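Working notes, structure below.
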Amino acid sequence: MLYLHLHQPWRLARFRFLDLGSGKPYFDIDRNLSIFKGIAQRSYRPALDRLRKALDEYPEFRFSLSITGTFLEQARLAAPDVIDRLRSLYQTGKVALLAETYYHSLAFLVPPPELSEEVALHRDMLAKEFGAHAKVLRMTELAYSDDLARFAEAERFRGMLAEGWEGVLRGEPATYPYCAAPAPTVSLLLRHYPLSDDVGFRFSSTGWNEFPLTADKYARWLASTPGEIVGLFMDFETFGEHHQARTGILEFLSALPGEVRRHPHVGWATVEDAIELPPRAPLSVPYTMSWADQNRDLGAWLGNDLQRSAFEAAKKVGVVARRCGDEAILTDWRKLLTSDHFYYMYVSGHGADQGVHEYFSSYESPYDAYANYMNALTDLRRRALDKLGVPILK
Amino acid sequence: MIRLSRPWGGPCDETLRRVHLPRLFRGIDGWARHSTTFMTITKSSGKARRRGRPKASKAPPRRKGRERPHVLREHRRSPDLSDTRGRMDSAPSRRTLQAAARAKAPLGPYGGAPRPLHILMVGWEFPPNHTGGLGVHCFELCQELTHLGHRVTFLSPFVGPFTPVAGVTFRHPGEKSGGTATEFPPAYWAGGTADSPFSDSIDGYNAWITGLKTTDPFDVIHVHDWFGTVGASALASRLNLPLVQTIHSTEYDRSLGHPWDHILHREELGILAATRVVAVSRHLRQQLIDRYHAEPAKVRVIYNAVRPSERLERIDPEKRIVLYVGRLAAMKGVDTFLRAAARVVPSFSDVLFVIAGEGPEYERLIQLAATLGIGDRVMFLGKVTEEEREVLLSGSSVFVLPSVVEPFGIAALEAMAAGVPTIVSKTSGVAEMSRGTTFRVDFWDVEEFASRVSELLEYPTLRQTMGDQGRWAALREGWPERARETLVVYLDAMRVAGVRP
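The listed protein sequences derive, respectively, from chains A and B. Per our numbering, the very first residue in the first sequence carries number 1; after that it's consecutive. Per our numbering, the very first residue in the second sequence carries number 1001; after that it's consecutive.
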């Protein structure tokens, strides 16, 4: 089961403290689009083309995609052909699309109805752009908890994705479908993180003792993994961006379905195929788990004081942003709730994770990220209060 | 270890920085509110302070064959202490607080004395060539006593030079012949080797004191620590003068329980011979009573102090400080600092921009501040001392290094080490190594400097986290690492030159 995640955040422009109240836009559209164009060139177009070719070549090949709203907005402006490619993939009927929050946001930590509204926005987007109706929900950063399972059940989703982390599996294998303990109708599809990270993180790492990773070796690993289903969940940008084309990652992607075919007992499935399998056992996750870092918690977004203070401030601004009834303000606020902004504020001494965070950051330091974010948020708050006619004290 | 290297018993560096220096500010409470660093300081000093009376340690076992006076143990309520009523200890107790209240009242022309006194002070080192607190103590005491109208003759084994103090006469052995006594090591190595010629030199110093030729009508002899006790006590009995002995630390403590006998004897002699003994803390006083058998009634406690910095007192403690420390030269970009200040002040009414340093641009910059209309929000301190700089740093909210050209910029590193969030110009050397822990700004970008300063002032979490992380980053590698790197260069150079290591 291959699942790829397509997302690009609306990165903030440098919004100085002195820009407060100046009406300057928070998001640097040109920069975001130029980044998007670069990634489209290096990753989206070549990888999508190869996936398309593989679908034609190998009739049993199937996979799943999740596409965030912010990705689609940027694609529309920067590279509409990427949307066309996605659409043609979906029309093959061998690709499942997943639902999630439109803004790839931390809405699940904000008081309702934010989460269901953002999921509804995303559902609308899928219906409009692809004519798709997603049965499986994937929360931002693969966040999962019992509460989120209840939410998925209430929203009539049939499945959710989660990290296959030993901490919650307690010795059970991650290679079976489970169901959520508080909501048994929701199937849980777990990510096999060692095999996923072999491609996602380690593929181009020359220090890795399995380097270089070839498609036939990887197919052998897949074939020898016990269980019913192996969840290979990764960022789409793994192919061509995180690992550049010269590492051979795109060839790896093209070759993989062919190599898997050599093992007759291994097949491909979309998430919608997988939820039809009977669950092995109910699984309870009382806290929020994610797919990031070594702790698999929300530490990557809300681990330090900067992140927590920024998020608390964002929650408060959310109240006024919602109350002021201005669509533009609410949209800006939702874009500020995108998890990436908090990810940039990560401060850590842990070598391994810090490297990953720096790679993804668009700032020089977490302090830059925080200051910039807080300025934008403060400005948004002023706008909202202004709209509400509340005098601003400072 | 600290005690060993700081035998005067005064505040060691750490205490000085944590406890005493903050007192340089009058409105310390106001500061504490703005600076978390300060809050921890006041907290820790509060914790360190002993509550209640110090525990009396047990009297040491008597040595055989030595005459010792009867062990006197102080009893707080013992009736024979009636003569200590109204004593002027600086150690606070209920009684002395009343006394202190009385002491605050105007004391008359000579600080409470009926006439100007002439004090013979038997000391050791004296500024500017001092290695520790004993010298500072004597210097400050001399300055204040002469200020009150008294005269001091200061004896030192060293030739000088001594920082001149009006009303203080310096005398040293060999003064007539022009001879020197520079072979004396500084105070802290004294007594390190019992059989060193140093022991003789000490005897020489004391012999000179004993036979001091003088016609001055001294009123009192004041001896500090053990160095001159032999001579001072002999002189006191020869001239029939009262002897005051100040003990800054004891040989027991300095040696961690392994005292040199000859030093111990000198201390015992001084304490025995003295009419009054001054200890620098109550703890020390109890030690003198327990271990040196000092008569409790004659031991007073007078704490050490620090001189308040007049310069820093001009700073309103209610204000938050944005600091620049450095020379005022064109390459330092202080212009940018002022222009950024002008952009910041409208949003923050409680912020003061402090410029510490002097240089050719001084007057022009004052002019510029006036032109920008922020004359009242910028303070030029001039050159500050090391201590003042530390106090400034620990009380600052933001440090800015706006240099146009700056090969390194160690001031920024010091600010980081002090836990102050720092903004540096990208052209400074320190910006290279502080990537990710400071805000780095183009030196010409006034708006960006102003924004960064504002952001740090506005967001307390940012200030806190950045300060903490900066401190960690600055202290992660120190001079040992740099020395090792230099060593590698030496070895490399030797290899290139063909010199075998």
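Positions of the beta carbon are idealized from the N, C-alpha and C atoms, including for glycine. Source: prediction; values computed, not measured.
With a threshold of 6 Å on Cβ separation, who are the neighbours of A/P391 within its own chain once the five nearest residues in sequence on each side are excluded? Once the five neighbours on either side are set aside, A/P391 has no close Cβ partner at all.
My understanding is that A/R11 touches A/D28, with C-beta atoms under 8 Å, so please give their C-beta distance in whole angstroms. A/R11 to A/D28, Cβ: 6 Å. Contact.
Helix, strand or coil for A/T206 per DSSP? coil
As assigned by DSSP and simplified to three states, the class of B/L1401: strand
Does A/L188 get closer than 9 Å to chain D when you measure Cβ to Cβ? The structure shown contains no chain D; its protein chains are A and B.
Distance between B/H1258 and B/R1316 (C-alpha atoms, nearest Å): The sequence as given places Asp at residue 1316 of chain B; Arg does not occur at that position. Approximately 49 Å between the Cα atoms of the pair.
What's the C-alpha gap between B/Q1143 and B/V1165? 6 Å
Which partner residues of B/I1119 appear in the DSSP bridge assignment? Under DSSP, B/I1119 shares a beta bridge with B/V1152, B/V1220.
In angstroms with no decimal places, state the Cα-to-Cα distance between B/R1377 and B/V1430. 28 Å
How long is the line joining the alpha carbons of B/R1307 and A/L330, rounded to whole angstroms? 58 Å
By alpha-carbon positions, which one of A/Y102, A/M345, A/A180, A/A219 ends up nearest to A/W333? Comparing alpha-carbon positions, the option among A/Y102, A/M345, A/A180, A/A219 lying closest to A/W333 turns out to be A/Y102.
Close Cβ partners of B/D1219 (< 6 Å) along its chain, the five nearest in sequence each way excluded: Contacts found: L1117, H1118.
When you compare only the Cα positions, how much space is there between B/Y1324 and A/T68? A straight line joining the alpha-carbon of B/Y1324 with that of A/T68 spans about 47 Å.
Could you pull out every unbroken alpha helix (DSSP H) segment of at least 4 residues lying fully inside the segment 1368–1424 of chain B, listed in chain order? 1386–1394, 1410–1417
Which residues in chain A have a C-beta closer than 9 Å to the C-beta of B/R1343? List them in chain order. The CB of B/R1343 comes closer than 9 Å to the CB of L18 in chain A, given here in chain order.
Skipping 5 residues on each side, what residues in its chain have a beta carbon closer than 6 Å to that of B/V1404? M1331, G1333, F1443
So with Cβ pairs under 9 Å, would you call B/G981 a contact of chain A? Past the edges of chain B, shown from 1001 to 1501, lies residue 981 of chain B, and the structure says nothing about it.
Candidates B/L1365, B/G1395, B/E1358, B/P1501: which alpha carbon is nearest B/L1381's? With respect to the C-alpha of B/L1381, the residue from B/L1365, B/G1395, B/E1358, B/P1501 having the closest C-alpha is B/E1358.
The alpha helix (DSSP H) with B/S1454 in it runs from where to where? 1446–1458
Specify the secondary structure class of B/C1138 as computed by DSSP and reduced to three states. In this structure, B/C1138 counts as helix in the three-state DSSP scheme.
Considering just the uninterrupted stretch of the alpha helix (DSSP H) at A/R52, what are its terminal residues? 45–57
Measure the C-alpha to C-alpha separation of B/R1266 and B/H1224 and round it to an integer number of angstroms. 11 Å
So which residues of chain A does B/E1448 contact, with C-beta pairs closer than 8 Å? R16
At least one CB of chain B closer than 9 Å to the CB of A/F343: is that the case? The sequence given here places Tyr at residue 343 of chain A; Phe does not occur at that position. No, because no Cβ of chain B sits closer than 9 Å to the Cβ of A/Y343.
In the structure shown, what three-state DSSP assignment does A/L190 receive? Strand.
Whole angstroms are fine: how far does the CA of A/D84 sit from the CA of A/S43? 15 Å
Do you know whose CA, among B/D1350, B/R1327, B/G1395, lies nearest B/A1415's CA? When each option's Cα is compared against that of B/A1415, the closest is B/G1395.
For A/A281 and B/L1462, what's the separation of their Cα atoms in angstroms? 45 Å
Hey, out of A/F17, A/D81, A/S22, whose CA is closest to A/Q41's CA? A/D81
Smallest Cα separation from B/H1502: which of B/H1172, B/H1293, B/V1301, B/A1297? The question about residue 1502 of chain B has no answer here: the residues shown for chain B are numbered 1001 through 1501.
Quick one: which chain B residues come within Cβ less than 7 Å of A/V347? Within chain B, the C-beta atoms nearer than 7 Å to that of A/V347 come from T1465, Q1469, in chain order.
Does DSSP classify B/F1170 as helix, strand or coil? strand
C-beta neighbour in chain B for A/P25, strict 9 Å: When Cβ-Cβ separations below 9 Å define contact, A/P25 makes no contact with chain B.
Buried or exposed by the 16-neighbour rule on C-beta atoms within 10 Å, applied to B/E1448: With 16 or more other Cβ atoms within 10 Å, it is buried.
Smallest Cα separation from A/D368: which of B/I1271, B/R1440, B/G1204? B/R1440
A/H5, enclosing beta strand (DSSP E) - first and last residue: 2–6
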